[in-house]
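Chemist: Below: one structure in structure tokens.
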Amino acid sequence: ASTDTIQESMSWLRGSASVLARRMVPATLRVMPAGVEQRRYKSEKAKPDMNLYPLAQAIEKAKNEAPKRNFEESIDFAMFLNIDPRKADHQIRTLTVLPHGTGKDKKVCVFALDDAQIEQAKEAGAYVVGGEELVNEVKNGRLDFDATVATPKAMKLLSKVARVLGPRGLMPNNKLGTVTDDVAGKVRELKGGITLRADKAGNLHANVGKRSFSPDQIKDNILAIVDTVLELRPTGVKDPYIKSTALSSSMGPSFRILASDLTALASSPTAAATPRVAAPVAAGAPLRFIKPNEWADADINRVRSKKLRRYLIARRSAEGLETPEDTQADTFAARSRRRHVDAKNRKAAAAA
Numbered sequence: 169a170s171t172d173t174i175q176e177s178m179s180w181l182r183g184s185a186s187v188l189a190r191r192m193v194p195a196t197l198r199v200m201p202a203g204v205e206q207r208r209y210k211s212e213k214a215k216p217d218m219n220l221y222p223l224a225q226a227i228e229k230a231k232n233e234a235p236k237r238n239f240e241e242s243i244d245f246a247m248f249l250n251i252d253p254r255k256a257d258h259q260i261r262t263l264t265v266l267p268h269g270t271g272k273d274k275k276v277c278v279f280a281l282d283d284a285q286i287e288q289a290k291e292a293g294a295y296v297v298g299g300e301e302l303v304n305e306v307k308n309g310r311l312d313f314d315a316t317v318a319t320p321k322a323m324k325l326l327s328k329v330a331r332v333l334g335p336r337g338l339m340p341n342n343k344l345g346t347v348t349d350d351v352a353g354k355v356r357e358l359k360g361g362i363t364l365r366a367d368k369a370g371n372l373h374a375n376v377g378k379r380s381f382s383p384d385q386i387k388d389n390i391l392a393i394v395d396t397v398l399e400l401r402p403t404g405v406k407d408p409y410i411k412s413t414a415l416s417s418s419m420g421p422s423f424r425i426l427a428s429d430l431t432a433l434a435s436s437p438t439a440a441a442t443p444r445v446a447a448p449v450a451a452g453a454p455l456r457f458i459k460p461n462e463w464a465d466a467d468i469n470r471v472r473s474k475k476l477r478r479y480l481i482a483r484r485s486a487e488g489l490e491t492p493e494d495t496q497a498d499t500f501a502a503r504s505r506r507r508h509v510d511a512k513n514r515k516a517a518a519a520a
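So for the sequence shown, my numbering puts the first residue at 169; every next one is plus one.
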């Protein structure tokens, strides 16, 4: 073979070896040549800012500290709630209206059969309105809308497209109020509102506007969401209900917000309440358990466990204690105590 042929073969082998090496080495271990990284992200790759800021300061930082992009970024608000979405009563899913909207014009599709309702939906700004013919269009692949509303009479037609709308979150739902006869009001609400839904980890994300919004507009939208979340607080949730919150632009760094500042600014009656502490057991409430050092003071008549009641009676009898609660009424505890005393006296008499 000629020298040129040998050199070409060696060059090909070297190229193949470098490709194989890149494929075998994980991406996290590859060393990028200097200057390859985009300059835009050099300052953003620094250690995340873990400081807590008041709401007004966090809004200013989210708006101004990230570099300008060649598109208008959204402002995103995130909350971490102290809930367990696996429980049915801890699930949070609702529709809330933002005072200043999200900056995006939502396309609302309305399914209605009555001519008057169709006209009302069109006047309210619905993107498309129709009945059976619209259902057939959706069945054939038309999905150029962001939300749907249906009248109760039109719901029977939507069974044909439930498998198309359902997985995309577009199926009208009674829980969200999107099945209603007031189609005009619901269209206006959807065009200015968002759906709040907590994921399986208890996180809740929401778009609260555009970067071009004023700080006051973003603040009003955030407080509207906080009010809604506080009103939907499940029973039995321990404090803190809102564990942490953060604000960021679409491609900018995140800034944590003081949860206490949010609850202080919110208008919900539950927001201004001080952190709740465990209340003392109400008089007459059943006792499921007692502490080891409370055996002499606990109200036996309120103890639910039979075994625990018998233990307390025996322990107090052995110590020679008797409380008024034990003999006030002819309760199970009082009868058990009398039986225990009678048995003790019989044994003493037999021994004598």
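Built from N, CA and C at the ideal position, the CB exists for glycine as well.
Bear in mind the structure is a predicted one, so any value in this text is a computation, not a measurement.
Run through DSSP, which three-state label would Y479 get?
Modeler: Numbered from its first residue, the sequence shown carries residue 479 at position 311. Of the three classes helix, strand and coil, the one that applies to Y479 here is helix, per DSSP.
Chemist: Might you give, ordered along the chain, the residues of its own chain that have their beta carbon closer than 7 Å to the beta carbon of G271, omitting 5 neighbours on each side?
Modeler: Here residue 271 is taken as the residue at index 103 of the sequence shown, counted from 1. Only G377, K378 and F381 meet the Cβ criterion.
Chemist: Entirely within the region 274-305 and at least 3 residues each: give me those beta strand (DSSP E) ranges in chain order.
Modeler: Within the region 274-305, the complete beta strand (DSSP E) runs of at least 3 residues are 276-279 and 296-298.
Chemist: How would you write the range of the alpha helix (DSSP H) that S473 sits in, first residue to last?
Modeler: In the sequence shown, counting from the first residue as 1, residue 473 sits at position 305. It is not in any alpha helix (DSSP H) - S473 carries neither H nor E in the DSSP assignment.
Chemist: Can you give me the start and stop residues for the alpha helix (DSSP H) that L391 sits inside?
Modeler: If you number the sequence shown from 1, residue 391 lands on position 223. It spans P383 to E399 - the alpha helix (DSSP H) in which L391 sits, taken as one unbroken run.
Chemist: Would you identify the three-state DSSP class for V405, choosing helix, strand or coil?
Modeler: Taking the sequence shown and counting its residues from 1, the one referred to as residue 405 is at position 237. If DSSP states are grouped into helix, strand and coil, V405 belongs with coil.
Chemist: Between which two residues does the alpha helix (DSSP H) carrying A330 extend?
Modeler: To locate residue 330, count along the sequence shown from 1; it is residue 162. A330 to L333 is the extent of the alpha helix (DSSP H) around A330.
Chemist: Mapping the DSSP letters down to three states, classify D510 as helix, strand or coil.
Modeler: Mapped onto the sequence shown, residue 510 falls at position 342. DSSP places D510 in helix when its eight states are reduced to three.
Chemist: Comparing alpha-carbon positions, which option in D252, L400, F248 and K231 lies nearest S242?
Modeler: Here the question's residue 242 lines up with position 74 in the sequence shown. Nearest of D252, L400, F248 and K231 to S242, Cα basis: K231.
Chemist: From the DSSP output, in three-state form, read off I227 for me.
Modeler: One-based indexing of the sequence shown puts residue 227 at position 59. Helix, per DSSP.
Chemist: Could you check if D395 is buried or exposed, using at least 16 other CB atoms within 10 Å of its CB as the buried criterion?
Modeler: Numbered from its first residue, the sequence shown carries residue 395 at position 227. It is buried - the Cβ of D395 has at least 16 other Cβ atoms within 10 Å.
Chemist: Contact check, K359 vs K274 under 8 Å by CB: the rounded distance?
Modeler: Taking the sequence shown and counting its residues from 1, one reaches residue 359 at position 191. Taking the sequence shown and counting its residues from 1, one reaches residue 274 at position 106. Between K274 and K359 the Cβ distance is about 5 Å, and since that is below 8 Å, they are a contact.
Chemist: Considering only residues of the same chain and omitting the five flanking positions on each side of E305, which have a CB-CB separation below 8 Å?
Modeler: Counting from one through the sequence shown, the residue named residue 305 turns up at place 137. So the list reads G298, once near-sequence residues are dropped.
Chemist: Below 7 Å CB to CB, which residues in the same chain sit around V296 once its five sequence neighbours on both sides are set aside?
Modeler: As a first step, residue 296 is located in the sequence shown; it is residue number 128 there, counting from the start. Excluding positions up to five away in sequence, the list reads C277, L302 and F313.
Chemist: Locate the alpha helix (DSSP H) running through T348, then write down its first and last residues.
Modeler: In the sequence shown, counting from the first residue as 1, residue 348 sits at position 180. No alpha helix (DSSP H) holds T348; DSSP gives it neither H nor E.
Chemist: What are the boundary residues of the alpha helix (DSSP H) that includes T319?
Modeler: To locate residue 319, count along the sequence shown from 1; it is residue 151. Looking at the DSSP string, T319 is not in any alpha helix (DSSP H), and its letter there is neither H nor E.
Chemist: From which residue to which residue does the beta strand (DSSP E) around S380 run?
Modeler: On the sequence shown, residue 380 is found 212 positions in, with the first residue counted as 1. Run containing S380: none; DSSP gives neither H nor E here.
Chemist: Return helix, strand or coil for R261, following the three-state DSSP convention.
Modeler: Here residue 261 refers to the residue found at position 93 when the sequence shown is read from its first residue. In the structure shown, R261 sits in a strand (DSSP, three-state: E or B).
Chemist: What is the DSSP secondary structure of R424, reduced to helix, strand or coil?
Modeler: Working through the sequence shown from its first residue, we reach residue 424 at position 256. If DSSP states are grouped into helix, strand and coil, R424 belongs with the strands.
Chemist: DSSP state of T413, grouped into three classes?
Modeler: Translated into positions along the sequence shown, residue 413 becomes position 245. If DSSP states are grouped into helix, strand and coil, T413 belongs with the strands.
Chemist: Would you give the residue range spanned by the beta strand (DSSP E) that L249 belongs to?
Modeler: If you number the sequence shown from 1, residue 249 lands on position 81. S242 to L249 is the extent of the beta strand (DSSP E) around L249.
Chemist: Nearest-angstrom Cα distance between E300 and T316?
Modeler: Taking the sequence shown and counting its residues from 1, one reaches residue 300 at position 132. Taking the sequence shown and counting its residues from 1, one reaches residue 316 at position 148. One C-alpha to the other measures close to 15 Å.
Chemist: K368 and P253: beta carbons closer than 8 Å?
Modeler: Position 200 of the sequence shown, counted from the start, is the residue given in the question as residue 368. Position 85 of the sequence shown, counted from the start, is the residue given in the question as residue 253. A contact, by the Cβ cut-off of 8 Å.
Chemist: Can you tell me whether K354 is buried or exposed? The criterion is at least 16 other CB atoms within 10 Å of its CB, across all chains shown.
Modeler: The residue you call residue 354 lines up with position 186 of the sequence shown. By the 10 Å Cβ count, K354 comes out buried.
Chemist: Who are the Cβ neighbours of G293 in its own chain at under 8 Å, not counting the five residues just before and after it?
Modeler: As a working mapping, residue 293 is identified with position 125 in the sequence shown. Excluding residues within five positions, the ones whose Cβ falls inside 8 Å are V276, V355, R356 and K359.
Chemist: Y221: buried (16+ other C-beta within 10 angstroms of its C-beta) or exposed?
Modeler: Translated into the one-based positions of the sequence shown, residue 221 becomes position 53. Counting Cβ neighbours within 10 Å, Y221 comes out buried, since at least 16 surround it.
Chemist: Just verifying my parser: in three-state terms, what is the DSSP assignment at T270?
Modeler: If you number the sequence shown from 1, residue 270 lands on position 102. Coil.
Chemist: Work out the CA separation of P340 and P383 for me, nearest whole Å.
Modeler: Position 215 of the sequence shown, counted from the start, is the residue given in the question as residue 383. Position 172 of the sequence shown, counted from the start, is the residue given in the question as residue 340. So the alpha carbons of these two residues sit roughly 34 Å apart.
Chemist: What is the C-beta distance between L391 and A432, in whole angstroms, given that I count them as a contact (C-beta under 8 Å)?
Modeler: In the sequence shown, counting from the first residue as 1, residue 391 sits at position 223. In the sequence shown, counting from the first residue as 1, residue 432 sits at position 264. That belief does not hold up - the Cβ atoms of L391 and A432 are roughly 10 Å apart, past 8 Å.
Chemist: Does the Cβ-Cβ distance between F248 and S412 come in under 8 Å?
Modeler: Sequence index remark: in the sequence shown, residue 248 carries index 80 (1-based). Sequence index remark: in the sequence shown, residue 412 carries index 244 (1-based). Their beta carbons are under 8 Å apart, which means F248 touches S412 by this criterion.
Chemist: DSSP three-state label for R336, please.
Modeler: The count along the sequence shown starts at 1 and reaches residue 336 at position 168. It is helical.
Chemist: With DSSP collapsed to three states, give me the class of L358.
Modeler: The residue given as residue 358 occupies position 190 in the sequence shown. Three-state DSSP puts L358 in a helix.
Chemist: What does a CB cutoff of less than 7 Å around Q385 pick up in its chain, not counting 5 residues either side in sequence?
Modeler: In the sequence shown, counting from the first residue as 1, residue 385 sits at position 217. Only H268 and G377 meet the Cβ criterion.
Chemist: Of all the options E291, E287 and G337, which has the alpha carbon lying nearest to the alpha carbon of L311?
Modeler: The sequence position of residue 311 within the sequence shown is 143, counting from 1. For the residues E291, E287 and G337, the minimum Cα distance to L311 belongs to G337.
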